[in-house]
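Engineer:
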Amino acid sequence: MGFFSIPDHFWVSLTQIVGIDMVLSGDNAVVIALAANSLPPKQQRMAVVWGAGAAVGMRIVLATIAVALLTLPFLKIFGAALLLWIGVKLMLPEDENKDIQSGENLISAIKTIMLADAVMSLDNVIAVAGAAKGSVLLLALGLGISIPIVIFGSTILLKLMERLPVVIVFGAALLGYVAGEMAVTDPYVHHWVGSHMPGVHRIAAIAGAVTVVIAGKMLAKKKLAEIPVGDEV
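Quick note on numbering: the numbering used here labels position 24 of the sequence shown as 1339, and the sequence is numbered without any gaps.
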């Protein structure tokens, strides 16, 4: 089958998938940048490329089972709690321990990227799966095309974090915001929340953002206070 003989609906669906993923990848770019921020410049690039690639691959798997996943009660609540923990953890200063090999830090960053992306993609993959209309090929192509976009966004954020450390706080707050929003859309509480507390979605999201920032700052302050004076340089 030639290039021009491919049905029009294939290109329409592919364009939709790429467009959806571009719109929904902002928070994922933040996660990648935050996780890679403490690495040396060379390893930052490796973490961004491998982390983004692994995250997109995981999305393809998630998209094929997304409908079933999102109907399970408590899954989003668990995911929200996990995302809050990741947000707080990314605000903490890294231990500059010479006994820890740089390769281990790189692997740790990639694991964090994959874990956070898996949690944050639960909702996102529904839209992508719908646009793919059951085609794994379309999913793979569309999400694969989006990898450079996520990498480019993460690279820009890394440069901003070097110049403006406050960007790290905003990034962690975004993870908390997503976590709060996710928790109240869990199937177990969604209908009750919609009936009795229709405006709680925004409140929960803001509360999640505030929780991450406050907890992150408190734990970071405590961690810095525990560092011996001679090791602070």
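Cβ atoms here follow ideal geometry from the backbone N, Cα and C, with glycine treated the same way.
In this text the structure is predicted, and so the values were computed from the model without any measurement.
#1: From A1395 to I1483, what distance separates their C-alpha atoms?
#2: Among V1493, V1508, P1513, which one has its Cα closest to the Cα of G1523?
#3: Helix, strand or coil for D1432 per DSSP?
#4: Count the CB pairs spanning the region 1358 to 1371 and the region 1460 to 1477 that are closer than 8 Å, and state whether there are at least three.
#5: For T1330, count the other beta carbons within 10 Å of its own beta carbon; 16 or more makes it buried, fewer makes it exposed. Which is it?
#6: Going straight from the alpha carbon of A1530 to that of G1457, what length do you get?
#7: Going straight from the alpha carbon of I1347 to that of L1490, what length do you get?
#8: With a CB to CB cut of under 7 Å and the five nearest residues on each side skipped, what residues in its chain are close to K1371?
#9: From which residue to which residue does the alpha helix (DSSP H) around F1393 run?
#10: On a CA-only basis, which of V1527, L1405, A1535 is nearest A1353? Give me that one, please.
#11: From L1473 to G1514, what does the alpha carbon distance come to, in whole angstroms?
#12: Whole angstroms are fine: how far does the CA of M1497 sit from the CA of H1505?
#13: Quick one: measure Cβ to Cβ for L1398 and V1345, integer angstroms, because I've assumed they're closer than 8 Å.
#14: On the three-state DSSP scale, how would you describe T1427?
Structural biologist: Straight from the coordinates:
#1: 19 Å
#2: V1493
#3: helix
#4: yes
#5: exposed
#6: 37 Å
#7: 12 Å
#8: Checking the sequence shown, residue 1371 turns out to be Val, not Lys. Cβ within range, chain order: L1458, G1459, S1461, I1462.
#9: 1390 to 1406
#10: Looking at the sequence shown, residue 1353 is not Ala but Ser. Ranking the options by Cα distance to S1353, first place goes to L1405.
#11: 35 Å
#12: 10 Å
#13: Rounded, the Cβ-Cβ distance is 12 Å, inconsistent with contact.
#14: helix
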